[in-house]
Each structure stands twice: as C-alpha cells, then as structure tokens.
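Remarks on the structure that follows.
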C-alpha cells in the first residue's frame, strides 16, 4: 500500500492530523498488506497502539477511503476488506471454495487509456475480478 508519508501528507492536506491511532492503522495497512478486514486491522493495530478502538478503526478506514488512499472490496466472505486506492487490483475468485488468486499485469492499461481519452476522464485505479472454478475444485468435482 502507500507509504505512511503519503497517508500523512494526504491527511494533512485534507485538514487532519496523523494521530497515534491513525499511525497504528497506517502501519498495519503497510506491513500486513492488502485484503485486511476492519477487524483484522483493529486486532493488529492494538499490538502497536493498545488503546485503539474499533470505532476509531472504522472512522479511519472510512476517512482513508474518502481520501482515495484505500478502497473497500468484497470477496467471497462477508467481510469488507481494503486495498490500495491507486493503480490496478486484480483477482481470480473461485466460486466454489472462495480461494482468491491475485495477479499482476492485467492488460487493461490500453483500454483504460482509450476510455480516459474518449470520456475525458482521469482514471486513477481499477478493480478487475474474474469468477470461476479453481483447479482444485475442478479436480474434486
């Protein structure tokens, strides 16, 4: 995900401070990677800043989402999870077992450039998901 400097700068520009609870949340997002649920962010964040409350995690994740630094995604489970708000994010999702395979280089960059030009639109990120059946589920069906 983004670096804490990017988060701190975006918060400052929007009129917010980088408080100790926010630092803990940002550190979790940076160190633990993507696809974390709010509950996971809270549990990991409490290791860094023990007084961290669930409400603060929810508010901070919403704030970071509103600033475009992260974005929520839904996978097979019911938990809302978070990924970087910039660039592309790509998944293959097994509709049978729920396995998620992340991949790079989706080849959508040319389409994004065409759409941006056609609609005079600044594309900053995209989410691409393909749903199907993984190899393991195919062989055990």
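Numbering (my numbering), first residue to last: 68 to 208. We treat Cβ as the ideally placed atom computed from N, Cα and C, and that holds for glycine.
* For the beta strand (DSSP E) that contains residue 200, what are its first and last residues? -> That residue, residue 200, is in no beta strand (DSSP E); it is neither H nor E in DSSP.
* Report the partner residues of residue 157 according to the DSSP bridge assignment. => 195
* To do: Tell me, please, whether the segment 157 to 174 touches the segment 125 to 133 by the rule of three or more beta-carbon pairs shorter than 8 Å.
  => no
* **Euclidean distance between Cα positions of residue 186 and residue 73** => 29 Å
* Within its chain, find whatever has a CB closer than 6 Å to the CB of residue 190; leave out the 5 residues flanking it on each side and keep chain order. => 179 and 183
* According to the neighbour-count rule (16 or more other Cβ atoms, all chains shown, within 10 Å of its Cβ), is residue 177 buried or exposed? -> exposed
* How long is the line joining the alpha carbons of residue 205 and residue 112, rounded to whole angstroms? -> 38 Å
* Proximity to residue 100 [Cα-Cα], best of 123, 79, 148 and 83 -> 148
* Locate the beta strand (DSSP E) running through residue 169, then write down its first and last residues. => 167 to 169
* Asked: To which residues does DSSP link residue 88 through a beta bridge?
  -> Paired residues: none, contrary to the question.
* DSSP-derived helix/strand/coil call for residue 94 -> helix
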